[in-house]
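For reference, the structure discussed in these notes is given below.
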Amino acid sequence: MGFAENLNGATSCKRLWLGICCSFHLLTLAHSTLPVETYAGYEVDWMSSIIRAAKDEINLLKTLVDSQLVDEPVRPRIPCRFAADINFTSYDPGWVALPVGYPATGKGFFAQDAEKKAMRVLTIRDFPGMGQLYTNLTALVLENASYHITGGNDPICRQLHLFGQQRYSDFFSWAADPDLSEYIGQRVVAGRACNLWILRSTHQSKISLCADGNAPVELNMTLPKNNSGGTSFNISYQFGPLKATPVPEQFEKPQICDKPAPPCENGRGLDPVVLDAYIFHPGMTAGDYNIEDQNVADLAGDAIFICVDRLQKETSFIDHNYTLISRYNLEVSPAFGQYALCNGYPDTKPPGPSCTGGDSRLVGRQAPSSVGDGESRCAADNPLGFWFTLPKGGRCPPGQRASRDAWASGCTWSVQKRLKTIQQSCLLKEHGFLKYCMVDAVERKGFARTNQVLQAAFASEDPSTGGCADVGGPGAHGRSKSMVVV
Numbered sequence: 004m005g006f007a008e009n010l011n012g013a014t015s016c017k018r019l020w021l022g023i024c025c026s027f028h029l030l031t032l033a034h035s036t037l038p039v040e041t042y043a044g045y046e047v048d049w050m051s052s053i054i055r056a057a058k059d060e061i062n063l064l065k066t067l068v069d070s071q072l073v074d075e076p077v078r079p080r081i082p083c084r085f086a087a088d089i090n091f092t093s094y095d096p097g098w099v100a101l102p103v104g105y106p107a108t109g110k111g112f113f114a115q116d117a118e119k120k121a122m123r124v125l126t127i128r129d130f131p132g133m134g135q136l137y138t139n140l141t142a143l144v145l146e147n148a149s150y151h152i153t154g155g156n157d158p159i160c161r162q163l164h165l166f167g168q169q170r171y172s173d174f175f176s177w178a179a180d181p182d183l184s185e186y187i188g189q190r191v192v193a194g195r196a197c198n199l200w201i202l203r204s205t206h207q208s209k210i211s212l213c214a215d216g217n218a219p220v221e222l223n224m225t226l227p228k229n230n231s232g233g234t235s236f237n238i239s240y241q242f243g244p245l246k247a248t249p250v251p252e253q254f255e256k257p258q259i260c261d262k263p264a265p266p267c268e269n270g271r272g273l274d275p276v277v278l279d280a281y282i283f284h285p286g287m288t289a290g291d292y293n294i295e296d297q298n299v300a301d302l303a304g305d306a307i308f309i310c311v312d313r314l315q316k317e318t319s320f321i322d323h324n325y326t327l328i329s330r331y332n333l334e335v336s337p338a339f340g341q342y343a344l345c346n347g348y349p350d351t352k353p354p355g356p357s358c359t360g361g362d363s364r365l366v367g368r369q370a371p372s373s374v375g376d377g378e379s380r381c382a383a384d385n386p387l388g389f390w391f392t393l394p395k396g397g398r399c400p401p402g403q404r405a406s407r408d409a410w411a412s413g414c415t416w417s418v419q420k421r422l423k424t425i426q427q428s429c430l431l432k433e434h435g436f437l438k439y440c441m442v443d444a445v446e447r448k449g450f451a452r453t454n455q456v457l458q459a460a461f462a463s464e465d466p467s468t469g470g471c472a473d474v475g476g477p478g479a480h481g482r483s484k485s486m487v488v489v
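When we follow this note's numbering, the leftmost residue of the sequence shown carries the number 4, and every step to the right adds one.
Here it is as structure tokens:
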């Protein structure tokens, strides 16, 4: 079937109501408090789940909805197969204090073949406060599987099972169904006139499509940040002229998706290196100090994470109960593997820890938000610092350390000592951490002030020099000091 026939509406797509079948409010990802701008591309999974939820409601809606009204335009029938360049815009109210490019904008590419249940969405956007660093992410959906490909010219692939059972979902066919769509009126988007349709749903998330005949002009999603609604963020795809039928190669699973990335070649055969690691964590039980299967960071990486997490005001899908920040002295093999996204502690809801998308033995490493080629996994340095994964399967037994052959076998990391633990309130309230974070973000030249404030908090216990008191480890909270959990 030719592309022109589809575009002219001679033949429409079959109604393929296949979506990600986990409930929307259970979607989670590592550092899940980061906004869509920071963890780019995951809106593809969210949008699929919203459409699936609307389909589940259709039986109720059928009793309330008539067929197409007389004064409505003909409903759009978007081609089954098409490709187009896109411009996207995303807006997060959690960042309203930062007039630094929000709403965020970027360019990308969209392609689908509904008959083959395949879709590819590429987005490229800069990191907040660092305009020269970019996140390049492709969401590839093939029937019942979804792959997230980052890393630009040195790509890395993940299947994020935290999203539950993954299935293809047609983003457009609902607009042709009078049971699922409602006509709102005419709009002008980027100078193009179009008819606006919204997805009928009782869900707090909303999806709309503005179409010029059978050509999509804008696909828009508004998403609450937590189960109770709260503030929401918005993202839209604006489509350029539709191109010829996508080439089959765009819907092929890359070989890199079959296994994690190999250990960094520049770290093989080397002795373990010291890692000055920081982690933002709860402090309710001794288990909250166990850093197995957790994400940690160097000073710069954790400064950025704490900054974004607190600016988002705990609007994550997981209740992390963060109250403490700890600093550890670790030894790790420099043959870094693929970073895993880890969530949860024994006393969080849902409980954890749980990691996905990375190596189960090698220490994972990436720049925040996967910026740079290869997520900067093997780079010597990065202005944003690095995030690390400490897999339980790679922890060295007491008294052992990673060997030069750790890239091939054996343990890969060990804890030398917990250096200090502080209350987040000391950093945030007494020393105004977020104020410096916002100033750095506005200037878009890096986060030097932010890093300095976090560094000073751990350098001493003198408040006059920016220091914070060491509140101790698990034994300092009414439990036995002999308990070893790190």
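Using N, Cα and C, we set each Cβ at its ideal position, and we do this for glycine too.
On a predicted model such as this, the values are computed, not experimentally measured, just so you know.
Any C-beta of chain C under 8 Å from that of residue i
i	result
Pro-76	In the structure shown, chain C cannot be found, because there is only a single protein chain.
Where the beta strand (DSSP E) containing residue i begins and where it ends
i	result
Ala-460	Unbroken run through Ala-460 is the alpha helix (DSSP H), 451-462; no beta strand (DSSP E).
Cys-197	195-202
Gly-111	107-116
Cys-358	357-359
Thr-126	121-130
Arg-368	367-369
Ile-259	That residue, Ile-259, is in no beta strand (DSSP E); it is neither H nor E in DSSP.
Ser-329	327-335
Asp-279	276-284
Asn-346	344-346
Residue i burial status per 10 Å Cβ neighbour count (16 or more: buried)
i	result
Asp-116	buried
Val-191	exposed
Asn-198	buried
Lys-423	buried
Gln-419	exposed
Ile-309	buried
Thr-468	exposed
Gly-286	buried
Val-299	buried
Pro-266	buried
Ile-187	exposed
Gly-194	exposed
Ser-428	exposed
Pro-400	exposed
Ser-412	exposed
Sequence-distant residues of the same chain with beta carbon closer than 8 Å to residue i, five excluded per side
i	result
Leu-302	Asp-279, Tyr-281, Gly-388, Asn-454, Leu-457 and Gln-458
Lys-256	Leu-143, Leu-145, Ala-148 and Tyr-150
Asp-473	Lys-423, Thr-424, Ile-425 and Glu-464
Asp-408	Gly-272
Extent of the continuous alpha helix (DSSP H) to which residue i belongs
i	result
Met-441	436-446
Cys-310	302-314
Own chain residues within Cβ distance below 7 Å of residue i, not counting five before or after
i	result
Val-366	Val-335, Ser-336, Phe-339, Gly-340, Phe-391, Thr-392, Leu-393, Gly-397, Thr-415 and Trp-416
Val-374	Phe-130, Leu-136, Tyr-137, Thr-138 and Leu-387
Ser-239	Phe-91, Thr-92, Glu-221, Leu-222 and Asn-223
Asn-269	Cys-381
Gly-470	Ala-459, Ala-460, Ala-462, Ser-463 and Glu-464
Ser-363	Pro-394 and Gly-396
Ser-26	Residue confidence for Ser-26 is low, a pLDDT of 25 falling below 50, so the modelled location carries little weight; the figure read from the coordinates is stated next. Closer than 7 Å at the Cβ level, and outside the excluded window around Ser-26, lies no residue.
Gln-253	Ala-114 and Arg-123
Asp-274	Arg-407
Nonlocal neighbours in the same chain, by C-beta distance under 6 Å from residue i, ignoring five residues either side
i	result
Gly-449	Pro-386
Lys-395	Glu-295 and Asp-296
Gly-360	Arg-161, Leu-163, Ala-343 and Leu-344
Thr-288	Asp-350
Phe-436	Leu-430 and Val-456
Gln-369	Tyr-342, Glu-378, Arg-380 and Trp-390
Arg-330	Tyr-281, Leu-422, Lys-423 and Phe-461
Phe-175	Ile-81
Glu-355	The question names Glu, but residue 355 in the sequence shown is Gly. Answer for Gly-355: Asn-346, Gly-347 and Tyr-348, listed in chain order.
Leu-212	Ala-178, Trp-200 and Leu-222
Cys-358	Asp-296, Ala-343 and Cys-345
Identity of the residues DSSP links to residue i by a beta bridge
i	result
Phe-91	Gly-109 and Tyr-240
Thr-392	Asn-298 and Gly-367
Tyr-137	Asp-129
Phe-85	Gln-115
Gly-340	Gly-367
Enumerated in chain order, which unbroken segments of the beta strand (DSSP E) with a length of 3 residues or greater are wholly contained in the region 397-433?
DSSP assignment within the region 397-433 yields the following whole beta strand (DSSP E) runs of 3 residues or more, N-terminal first: 416-426.
What are the start and end residues of each continuous beta strand (DSSP E) run of 3 or more residues lying completely inside the region 140-226, in chain order?
148-153, 159-161, 184-192, 195-202 and 209-215
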